[in-house]
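Protein chains in written order, with the numbering used here: chain V, 172 to 677; chain W, 172 to 677. Built from N, CA and C at the ideal position, the CB exists for glycine as well. These notes concern the structure reproduced below.
Number of protein chains: 2
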Amino acid sequence: MSLDRIRLASLHNKVMSAEQAATFIQDGMTVGMSGFTRAGEAKAVPLALVAQAEKNPLKITLITGASLGNDLDKKLTEAGVLARRLPFQVDNTLRKAINKGEVMFIDQHLSETVEQMRNLQLKKPDVAVIEAVAITEDGGIIPTTSVGNSASFAIFAEKVIVEINTNLSPAFEGLHDIYIPTYRPTRQPIPLTKVDERIGTPAINIDPAKIVGIVINSELHDSPSTVADADDETQGIANHLIAFFEKEVAEGRLPKDLGPLQAGIGSIANAVLTGLKESNFEDLVMYSEVLQDCTFELIDAGKMKFASGSSITLSAKYGEKVFNNLEQYKDKLVLRPQEISNHPELVRRLGIIGINTALEFDIYGNVNSTHVCGTKMMNGIGGSGDFARNAHLAIFVTKSIAKGGDISSVVPFASHVDHAEHDVDILVTEQGLADLRGLAPRERARAIIDNCAHPMYRDALNDYFDRACEKGGQTPHILREALSWHSNFEETGHMLTAQAQEKKTA
Amino acid sequence: MSLDRIRLASLHNKVMSAEQAATFIQDGMTVGMSGFTRAGEAKAVPLALVAQAEKNPLKITLITGASLGNDLDKKLTEAGVLARRLPFQVDNTLRKAINKGEVMFIDQHLSETVEQMRNLQLKKPDVAVIEAVAITEDGGIIPTTSVGNSASFAIFAEKVIVEINTNLSPAFEGLHDIYIPTYRPTRQPIPLTKVDERIGTPAINIDPAKIVGIVINSELHDSPSTVADADDETQGIANHLIAFFEKEVAEGRLPKDLGPLQAGIGSIANAVLTGLKESNFEDLVMYSEVLQDCTFELIDAGKMKFASGSSITLSAKYGEKVFNNLEQYKDKLVLRPQEISNHPELVRRLGIIGINTALEFDIYGNVNSTHVCGTKMMNGIGGSGDFARNAHLAIFVTKSIAKGGDISSVVPFASHVDHAEHDVDILVTEQGLADLRGLAPRERARAIIDNCAHPMYRDALNDYFDRACEKGGQTPHILREALSWHSNFEETGHMLTAQAQEKKTA
Chain V
172 MSLDRIRLAS LHNKVMSAEQ AATFIQDGMT VGMSGFTRAG EAKAVPLALV
222 AQAEKNPLKI TLITGASLGN DLDKKLTEAG VLARRLPFQV DNTLRKAINK
272 GEVMFIDQHL SETVEQMRNL QLKKPDVAVI EAVAITEDGG IIPTTSVGNS
322 ASFAIFAEKV IVEINTNLSP AFEGLHDIYI PTYRPTRQPI PLTKVDERIG
372 TPAINIDPAK IVGIVINSEL HDSPSTVADA DDETQGIANH LIAFFEKEVA
422 EGRLPKDLGP LQAGIGSIAN AVLTGLKESN FEDLVMYSEV LQDCTFELID
472 AGKMKFASGS SITLSAKYGE KVFNNLEQYK DKLVLRPQEI SNHPELVRRL
522 GIIGINTALE FDIYGNVNST HVCGTKMMNG IGGSGDFARN AHLAIFVTKS
572 IAKGGDISSV VPFASHVDHA EHDVDILVTE QGLADLRGLA PRERARAIID
622 NCAHPMYRDA LNDYFDRACE KGGQTPHILR EALSWHSNFE ETGHMLTAQA
672 QEKKTA
Chain W
172 MSLDRIRLAS LHNKVMSAEQ AATFIQDGMT VGMSGFTRAG EAKAVPLALV
222 AQAEKNPLKI TLITGASLGN DLDKKLTEAG VLARRLPFQV DNTLRKAINK
272 GEVMFIDQHL SETVEQMRNL QLKKPDVAVI EAVAITEDGG IIPTTSVGNS
322 ASFAIFAEKV IVEINTNLSP AFEGLHDIYI PTYRPTRQPI PLTKVDERIG
372 TPAINIDPAK IVGIVINSEL HDSPSTVADA DDETQGIANH LIAFFEKEVA
422 EGRLPKDLGP LQAGIGSIAN AVLTGLKESN FEDLVMYSEV LQDCTFELID
472 AGKMKFASGS SITLSAKYGE KVFNNLEQYK DKLVLRPQEI SNHPELVRRL
522 GIIGINTALE FDIYGNVNST HVCGTKMMNG IGGSGDFARN AHLAIFVTKS
572 IAKGGDISSV VPFASHVDHA EHDVDILVTE QGLADLRGLA PRERARAIID
622 NCAHPMYRDA LNDYFDRACE KGGQTPHILR EALSWHSNFE ETGHMLTAQA
672 QEKKTA
């Protein structure tokens, strides 16, 4: 038994099976679960909920930090448990259900979910299910590999279920910094002025009487990350971006340590940060959501001195290294609530360089992060908007083409806009980098087409832009054609008409 | 003479004619001028610049707080002075030049312009031209009816020209609160926690040696505002919104005083705020950009106890009343730099209700604030994005139809997106109010079409939405049709095809 992980003895009698705990979750409830980018999600209780739903169907609103591991979204979807889901997901099965309209998905800025709950604009959870490494003498909950929205969920919920993951070292205690903004109208400034400051408590402090069940999990682990290795294109993007950083430092627009870095999840951001390992930059710091392998590569290489995030999501290899040697990294790390890791107040104050992945962007710099052909949800906006709006530099990266060239990531008109031109400073593809700062839309178009578009699409984009300019406007468009590239793709599998392709080949 | 307005005697010898002062502005320069929503712009020097340019053509980048009065943008455009213009404008002649591509217009969030200058991402002004009521013993500049970006322009510019407006009472001194965020990486929290707090200084403090010229203006006044009277539609919008506020208070989601209000400029926002005069709400406060007539109507009615803004833009009638009796209002007012009035840190902390005008929005709640038919610039995004992203409630209002019904403000697909669905809580037309909080896109569409669309367009919107849903997706669209309403309007003068209109009539 692992009762030593439950240091408030009066809670020992709350230990129960996952099956028992899952019965607290009933049809129609709103449930807040830990978990952010496949890190630190409650594991046993949701699986028991799936089993329970297979016997007695039920539907819930599931709110998490961000995405879940252990195929939980898949299994919950297949069991028909999800009526509503927010604020983010990455699961293929759930994605299909969302796009069929079977699950209502509310795609939110990740800093805003608990703010909306605090203000009663979103329903507070009936039940919170939080993964922990321990419960303290005071009943405080020590999270595991993520904080996400766990603290606010536990504070807001009537009933709290704690899932203690005994696979993880008790050394996680002290890694987290739990700070919750005070209520309006007496809210105070968030007192954080440096990435390595601690402004809160190591535990989520709630009334222990709200803890209705404690489940011991000694079997299930976080799912390892599945970040693809760098390829020529992601390396190209990294190279362009590092050259840009070097130029900015040389010209006095960035400090030598660049300032706090934020990077979205995925292989491109990972490649960019890994690329910094070979650079001349020193004393790097991160103020980000997710700390991936690259963060620890930079720390190991002596290049990064501190990293603040809301979760740690690692490959199997790095997970073993970091989580088994946590004491070695602990003074260089902090995990915060996602409301704080992504908070606009802090993003603006600290002057963050935000690097996030675009699905596509248009010739004027409007970025689509979420919707394939303007309709089908991919994952969600995540924290990209929290960062891009207030970042010192809002950078979006993508490969210039997809599906072997059938899709151009640079299009005449973004089929969905998550980040308007006002919020986008720098665009990078493997082709090059467009610096949009201080440019009017017509100038942005020239910079984007020339620097970011794949050569196979450049003529067609120039042709569109030139003809649009003849019509005039601040942001010239030919509306009958603006979305035709996407329609072409839906209808023929290629963004350009056969005629345009032929013209290109000729 | 008005040398008593220049209390630092060593500056007396800097008094010169507007013509002399204008010669400091030379071809290719970046010029920062005071002025925000037709309030407090430098007047004599820009007019002298126009005269100068008519003899010796020159081109500049003109950066202001927001829009200018006295037809300055018109005259500067006609004189060919404007190569680049940011961050906002409302002038018809300049608008045409922008849309022809003759003037490069950089449309920015109003809180961001000076932040970008501070970080060397935008060129700092070579010359700043600032309207003032006085210069203090220390050489501090006391602004007039707006602060806008004046403080940072004066701090950043190499040369400063002060235009003293002797038409305005010296009583303006003490109205302003000049706070400038410190530099990164040591930036501190902005210490404002209540709308009526003062955190800065009454004057813009710079090295007086930078003041190269002082011009006395005793003739030119701010242009009065031209807000249209409430009509049935704006009154309808106001009524829906006030009923919504009453419901929110009754259900405990808003405090009885509603919390700080922000309202965009224009007749709809004015009607909404004026409507509050007849409501049961008490102790209202504003934390806004522009203080219009409605602010003072509410103060006069004893309904509003404090208003913070960046400018005061009044009709001739109210201007006379307020500016001639400033001492009577001064303890209920403060004017701040627009970086502070619009700062995301403060908007989020204070919990502002942001009410801004949309040009159009789509059935999923994406808002276009700027571009007619996705191409032609109207005015600019202004502060709407600064507020909407972090507001407690992000509200957008518009009449449901325009041009006698030829245009529907509710469209299948926004032809330009300034505010993505993630940032939009409440939409209001004279038809009704759609509360989008916590809704998935398909649910948002139902709420928007049913509540906000004009009945003459409702069937066509439902028809589009139903057919799009058959195709599937998180945000169902038929891309070949998505922008057809706008194309129809461009081609035929009506958003619906003759067939659709006929079907509606039948």
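Mind checking if PRO360/V is an interface residue toward chain W, Cβ cutoff 8 Å exclusive? yes
Does the pairing of the stretch 562-579 of chain V with the stretch 589-596 of chain V give three or more beta-carbon distances under 8 Å? yes
Report the option in ASP589/V, ILE578/V, LYS381/V, PHE276/V whose CA atom is closest to the CA atom of GLU661/V. ILE578/V
Taking only beta-carbon positions, decide if CYS623/V is within less than 8 Å of chain W. no
Hey, how far is the Cα of GLY644/V from the Cα of ASP589/W? 16 Å
Chain V contacts made by the stretch 296-311 of chain W, where a contact means CB separation under 9 Å: none
By a C-beta neighbour count over all protein chains shown, 10 Å radius and 16 as the cutoff for buried, is LYS147/V buried or exposed? The first residue shown for chain V is 172 and the last is 677, placing residue 147/V beyond what the model contains.
Look at the Cβ atom of PRO583/V, then the Cβ atom of GLU531/V, and state whether they are nearer than 8 Å. no
Reduced DSSP secondary structure (H/G/I, E/B, other) of GLU614/W: helix
Checking 8 Å against the spacing of the C-beta atoms, do ILE361/W and GLU516/W come in under that value? yes
Check for me: the alpha helix (DSSP H) holding PHE324/W runs from which residue to which? 321-327
Kindly indicate which three-state DSSP category GLY556/V falls into: helix, strand or coil? helix
If we cut at 8 Å on Cβ distances, does VAL588/V have a partner in chain W? yes
Helix, strand or coil for LEU182/V per DSSP? helix
Buried versus exposed, by CB contacts within 10 Å (16 or more), ARG256/V: buried
Whole-angstrom distance between SER394/V and ASP403/V, CA atom to CA atom: 27 Å
Would GLY664/V pass as a contact of LEU607/V if the rule is Cβ separation under 8 Å? no
Please state if the CB of THR235/W and the CB of MET204/W are separated by a distance shorter than 8 Å. yes
Against chain W: residues of the stretch 265-276 of chain V by CB proximity under 7 Å: ILE269, ASN270, LYS271, GLY272, MET275, PHE276
Are the C-beta atoms of PRO583/V and some chain W residue less than 8 Å apart? no
Taking Cβ to Cβ, would you say GLY545/V is nearer than 8 Å to LEU650/W? yes
What are the start and end residues of the beta strand (DSSP E) that includes GLU144/W? The first residue shown for chain W is 172 and the last is 677, placing residue 144/W beyond what the model contains.
Is ARG560/V near the ligand MG, with its Cβ less than 7 Å from a heavy atom? Although the ligand MG was asked about, the structure shown includes no ligands whatsoever.
Cβ closer than 7 Å: which chain V residues qualify as neighbours of SER658/W? LEU650, ARG651
If you draw a straight line from the C-alpha of THR357/W to the C-alpha of TYR350/W, how long is it? 16 Å
Residues of the stretch 608-619 of chain V with Cβ closer than 9 Å to any Cβ of chain W, in chain order: ARG608, GLY609, LEU610, ALA611, PRO612, ARG613, GLU614
By a C-beta neighbour count over all protein chains shown, 10 Å radius and 16 as the cutoff for buried, is ALA180/V buried or exposed? exposed
Would you mind telling me which residues of chain W sit closer than 9 Å to ALA380/V, beta carbon to beta carbon, in chain order? Those within 9 Å of ALA380/V in chain W number zero; the least Cβ separation is about 24 Å.
Contact list for the stretch 443-475 of chain W against chain V, Cβ threshold 8 Å: none
I'd like to know if ARG519/V contacts chain W, where contact means its C-beta is closer than 8 Å to some C-beta of that chain. yes
Under 8 Å between C-beta atoms of THR445/W and SER389/W: no
Rounded to whole angstroms, what is the Cα-Cα separation between HIS657/W and THR646/V? 15 Å
So, using beta-carbon positions, are THR569/W and THR600/W closer together than 8 Å? yes
Near ASN550/V, which residues of its chain fall below 6 Å by C-beta distance, leaving aside the five closest residues on each side in sequence? VAL261
What residues from chain W crowd round PRO508/V, counting only those whose CB sits closer than 8 Å? By Cβ distance, chain W contributes nothing, its closest Cβ being about 15 Å from PRO508/V, past 8 Å.
How about GLN280/W: is its C-beta nearer than 8 Å to some C-beta of chain V? Sequence check: residue 280/W is His here, not Gln. Closer than 8 Å to some Cβ of chain V, the Cβ of HIS280/W qualifies, so yes.
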